[in-house]
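Enquirer:
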Amino acid sequence: MSFGSRIRNALGASAPTVLLVAGMAAAQAQSAASPERLELCATCHGPGGNSKTEKIPSLAGQPEFFLLNSLVLIREGVRKVEPMEPFMKDMKDDEIQALATYFAAQKPERTDEPIDRAQAQRGAQLADPRHCTSCHKPDLSGEQTAPRLAGQRADYILDALRAYRDNTRLGGDPAMSSAAQGLSDADIVALANYAASK
Amino acid sequence: MLMSAMHFRFAALLAAGLVMAPGIASAQQPAVPDVAKQAERSKQSPNLRGVPISPIAAGADKLPISRFKLPPGFSVEVWQAGIAGARTMLLGPKGTMFVGTQGLGRVYAIVTRDGKHEVKTIAHGLNMPNGLAMKDGALIVVANKNVYRFDNIEDNLDNPKPVDISEKFNLPGDRSHGWRYVAFGPDGKLYIPVGAPCNICEPNYNTHSHIRRYDADGANMEIIAKGVRNTVGFDWHPVTGELWFTDNGRDWAGNEGPEDEFNRLPKGKEGAFFGFPYCHANGIADPDIKRPDACKDVILPAVTTGPHSASLGVHWYTGDMFPAEYKNAAFIARRGSWNRDRKFGSDLAVVRVAGNGMGKATLTPFMTGLLDEQRNEHMVRLVLPYQMPDGSLLVSDEQNGAIYRITYKSQRAAVTQH
Numbered sequence: 284m285s286f287g288s289r290i291r292n293a294l295g296a297s298a299p300t301v302l303l304v305a306g307m308a309a310a311q312a313q314s315a316a317s318p319e320r321l322e323l324c325a326t327c328h329g330p331g332g333n334s335k336t337e338k339i340p341s342l343a344g345q346p347e348f349f350l351l352n353s354l355v356l357i358r359e360g361v362r363k364v365e366p367m368e369p370f371m372k373d374m375k376d377d378e379i380q381a382l383a384t385y386f387a388a389q390k391p392e393r394t395d396e397p398i399d400r401a402q403a404q405r406g407a408q409l410a411d412p413r414h415c416t417s418c419h420k421p422d423l424s425g426e427q428t429a430p431r432l433a434g435q436r437a438d439y440i441l442d443a444l445r446a447y448r449d450n451t452r453l454g455g456d457p458a459m460s461s462a463a464q465g466l467s468d469a470d471i472v473a474l475a476n477y478a479a480s481k
Numbered sequence: 112m113l114m115s116a117m118h119f120r121f122a123a124l125l126a127a128g129l130v131m132a133p134g135i136a137s138a139q140q141p142a143v144p145d146v147a148k149q150a151e152r153s154k155q156s157p158n159l160r161g162v163p164i165s166p167i168a169a170g171a172d173k174l175p176i177s178r179f180k181l182p183p184g185f186s187v188e189v190w191q192a193g194i195a196g197a198r199t200m201l202l203g204p205k206g207t208m209f210v211g212t213q214g215l216g217r218v219y220a221i222v223t224r225d226g227k228h229e230v231k232t233i234a235h236g237l238n239m240p241n242g243l244a245m246k247d248g249a250l251i252v253v254a255n256k257n258v259y260r261f262d263n264i265e266d267n268l269d270n271p272k273p274v275d276i277s278e279k280f281n282l283p284g285d286r287s288h289g290w291r292y293v294a295f296g297p298d299g300k301l302y303i304p305v306g307a308p309c310n311i312c313e314p315n316y317n318t319h320s321h322i323r324r325y326d327a328d329g330a331n332m333e334i335i336a337k338g339v340r341n342t343v344g345f346d347w348h349p350v351t352g353e354l355w356f357t358d359n360g361r362d363w364a365g366n367e368g369p370e371d372e373f374n375r376l377p378k379g380k381e382g383a384f385f386g387f388p389y390c391h392a393n394g395i396a397d398p399d400i401k402r403p404d405a406c407k408d409v410i411l412p413a414v415t416t417g418p419h420s421a422s423l424g425v426h427w428y429t430g431d432m433f434p435a436e437y438k439n440a441a442f443i444a445r446r447g448s449w450n451r452d453r454k455f456g457s458d459l460a461v462v463r464v465a466g467n468g469m470g471k472a473t474l475t476p477f478m479t480g481l482l483d484e485q486r487n488e489h490m491v492r493l494v495l496p497y498q499m500p501d502g503s504l505l506v507s508d509e510q511n512g513a514i515y516r517i518t519y520k521s522q523r524a525a526v527t528q529h
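Chains A and B, in that order, give the protein sequences.
Numbered by this note's numbering, the letters in the first sequence go through residues 284 to 481 in order.
Numbered by this note's numbering, the letters in the second sequence go through residues 112 to 529 in order.
Right, dumping it as structure tokens:
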């Protein structure tokens, strides 16, 4: 990644962003997510943010702060998620806030992938000593910066955990990079089944 | 019980920064101590953890300045709102105010035109760009292990061109205490701290837990203070020219301490030892990492700055606007505690030093009312006080993405005018 693409205006593609003090209050106004935008999100993340798409995470019922923080950091280029970049690059704070509010309020459905019960059971045993529930909560519903894992797509968790372990998830939560250290591929499969089964 | 003990243990590990980021070439990976035992011993609530900072700035109308309390004659106003994650401030010679952030990864430039501020984002996507310094018109941004130089920046705010000079500085990339406050000293050297990569561990002093200085181009690195856990603010005394720096005390050793520190590096003592991890605050031996005579040959702080107060930015006041008692006094932003059951800190404090900077140091809270005691919540998180040419004092609030301006007007003058 060249520096030039990182050093560009955060809120505008080319013109310098000028935020006047008077404009700030308006930028904070709470507004609802637009139907057009939600339809676009649903293309991959599923209706109401319950994903039926391979390796695409569900957003429904995620903690609002997690959604807000993740979307802002993706826009800023701190967290690198290439497929999201074209959608995020010009998005304003108030629209991000509206999306976070919307998806946090949606009812999460468990993934429709087949769950391997034996793997899930083994995953639960692995999760215990790694204290996953400290941040993700005992029911894995997530809190603040820690996302909901309960019912999340297993194929997404699989990829995410691998990337955390291999330190290729740029801009991800550093605490998770540490938490995933030393996991074998088999462990990750078990943990993904455990989370997805909850 | 089991669940709560486990819950608390990992939260503790994460919050204390004990869990190491992987893939980082650290000369010495500290062993992870048993935080569960530490916290049980320290009698602290299992649920203490860091408070996340909002990635979106609060609106100007949402800032709680009406609740701030200042000594008579002082007042505070919003200097700039809407700058998410605002931390470090640095005024360029042509009047541009540069503002660095931490997690948000942005660097801002605020220019004043026709009395109005314009905020530009001149860099984003950086790794904790908290370190800003200026030399010969170039802005230097230190972002974890990366160092970028923006030549002639104030004439190129709409087209900033960074030069990556990281390699010469060879800084460690640990995320734990990996955000850096940096500054040029009166000697023209660039001072860069490297914190301990942990809450409590035995670091390698050649790579961590110290303050170092370089020539502006990254040559001639020297370690000038060792045994420093994590300093996020320092400044040179206006009379003595000595370096004074804050240092944040360890976590999970009790609600009451060890207290944070404000340290003086005496002239001629470059390379001196400040105690971490064996000796904390005003002479407290560490309960986990022990050595005989824990505080032997340790420079103790000039003044302690409160338990878990998160004492960050420092600025020695040299202006003419404030009363004489503030001349050559240090303002310290206390960002406020997380590892304490009753929140503490969350103010702007002032430290006065007797004997022209050589005598006893005393700390007094200066701007208070920043903590909602009823809800046990910080309303703001101050990071750095910064003196403006007119003698007013700016202070940054990371939580709300704002900068406040403190001014003074003699009450006697005000009375005689009426």
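Every residue gets a Cβ at the ideal spot worked out from N, C-alpha and C, and that includes glycine.
Computed from a prediction, not measured in an experiment: that's the story for all the values here.
Would you tell me roughly how many angstroms separate the C-alpha atoms of B:G236 and B:G466, rounded to the nearest one?
Expert: 46 Å
Enquirer: Just mark A:L382 as buried or exposed, buried being the case when its beta carbon has 16 or more other beta carbons within 10 Å.
Expert: By the 10 Å Cβ count, A:L382 comes out buried.
Enquirer: What residue from A:I339, A:L453, A:G455 and A:I440 has the CA that sits closest to A:D468's CA?
Expert: A:I440
Enquirer: By Cβ distance, which residues of its chain are closer than 6 Å to B:E265, with the 5 residues on each side in sequence left out?
Expert: G203, K205 and T207
Enquirer: Helix, strand or coil for A:P330? Go by DSSP, reduced to three states.
Expert: Residue state, collapsed to three classes: helix.
Enquirer: How would you list, in chain order, the residues of chain B whose beta-carbon sits under 9 Å from the beta-carbon of A:Q376?
Expert: Residue identity check: residue 376 of chain A is Asp in the sequence provided, not Gln. The contacting residues are P166, I167, A168 and A195.
Enquirer: Check each residue of the region 341-374 of chain A: if its Cβ is closer than 8 Å to any Cβ of chain B, include it; give the result in chain order.
Expert: F348, L351, N352, V355, L356, E359, G360 and V361
Enquirer: For the alpha helix (DSSP H) that A:D376 lies in, which residues bound it at each end?
Expert: Residues D376 to A388.
Enquirer: Would you kindly check if the distance between the Cβ of B:P412 and the Cβ of B:R340 is under 9 Å?
Expert: no
Enquirer: Would B:R243 pass as a contact of B:V293 if the rule is Cβ separation under 9 Å?
Expert: Residue 243 of chain B is actually Leu in this sequence, not Arg. Yes, the pair counts as a contact, with Cβ atoms nearer than the cut-off.
Enquirer: To be precise: take each residue of the region 417-450 of chain A, compare its Cβ to all Cβ atoms of chain B, and keep it if any distance is under 7 Å. Which residues remain?
Expert: S417, C418, P421, Q427, T428 and N450
Enquirer: Based on the DSSP output, what are the partners of B:C390 in its beta bridges?
Expert: B:A396
Enquirer: Between the region 362-373 of chain B and the region 319-327 of chain B, do three or more beta carbon pairs fall short of 8 Å?
Expert: no
Enquirer: For B:Q213, report the span of its alpha helix (DSSP H) as first-last.
Expert: No alpha helix (DSSP H) holds B:Q213; DSSP gives it neither H nor E.
Enquirer: Roughly how many angstroms separate the alpha carbons of A:M459 and A:D376, rounded to a whole number?
Expert: 26 Å
Enquirer: Report the residue from A:R400, A:E322, A:P430 and A:Y447 whose alpha carbon sits nearest the alpha carbon of A:N352.
Expert: A:P430
Enquirer: At a Cβ cut of 7 Å, what residues of the region 211-232 of chain B count as close to chain A, listed as they run along the chain?
Expert: L215, G216, R217, K227, H228, E229, V230, K231 and T232
Enquirer: Output yes or no for whether 9 Å exceeds the beta carbon distance between B:S420 and B:G468.
Expert: no
Enquirer: So the candidates are B:D346, B:G216 and B:A364; which of them puts its Cα closest to the Cα of B:Y497?
Expert: B:D346
Enquirer: Could you work out which residues of chain B lie near A:Q380, taking near to mean beta carbons separated by less than 9 Å?
Expert: Simply I167.
Enquirer: Output yes or no for whether 9 Å exceeds the beta carbon distance between B:L504 and B:V491.
Expert: no
Enquirer: Would A:A310 count as contacting chain B if we go by Cβ distances under 9 Å?
Expert: Confidence in A:A310 is poor, its pLDDT being 41 and thus under 50, which makes the residue's placement too unreliable to answer from.
Enquirer: Would DSSP call A:I471 helix, strand or coil?
Expert: helix
Enquirer: Would you mind telling me which residues of chain A sit closer than 9 Å to B:P163, beta carbon to beta carbon, in chain order?
Expert: F348, N352, Q427 and T428
Enquirer: Could you check which residue in B:N393, B:N267 and B:P273 has the C-alpha nearest to that of B:A254?
Expert: B:P273
Enquirer: Could you please give the first and the last residue of the uninterrupted beta strand (DSSP E) stretch that includes B:R445?
Expert: Counting along the chain, B:R445 sits inside the beta strand (DSSP E) bounded by residues A441 to R445.
Enquirer: Applying the criterion that 16 or more other CB atoms from any shown protein chain within 10 Å of the CB defines a buried residue, is B:G214 buried or exposed?
Expert: By the 16-neighbour rule on beta-carbons within 10 angstroms, B:G214 is buried.
Enquirer: What are the complete alpha helix (DSSP H) segments, minimum 4 residues, inside the region 467-513 of chain B?
Expert: none
Enquirer: Please confirm if B:H489 has its CB atom under 9 Å from at least one CB of chain A.
Expert: For B:H489, not one C-beta of chain A is nearer than 9 Å to its own C-beta.
Enquirer: What does the alpha-carbon distance come out to for the pair B:K401 and B:E313?
Expert: 10 Å
Enquirer: Using 9 Å as the limit for Cβ to Cβ distance, is B:N238 near chain A?
Expert: yes
Enquirer: Please list the partners that B:H288 has in chain A, where partner means a Cβ-to-Cβ separation under 7 Å.
Expert: Under the 7 Å cutoff, chain A gives no residues; its nearest Cβ is about 12 Å from B:H288.
Enquirer: Would a C-beta distance cut-off of 9 Å place B:V305 and B:S277 closer than the cut-off?
Expert: When the beta-carbon positions are compared, B:V305 and B:S277 stay at least 9 Å from each other.
Enquirer: Kindly identify the DSSP beta-bridge partner or partners of B:F185.
Expert: B:Y519
Enquirer: State the Cα-Cα distance for the pair A:L474 and A:A388, rounded to the nearest angstrom.
Expert: 26 Å
Enquirer: Throw me the rounded Cβ distance for the A:E392 and A:N333 pair, which I believe falls under 8 Å.
Expert: 4 Å
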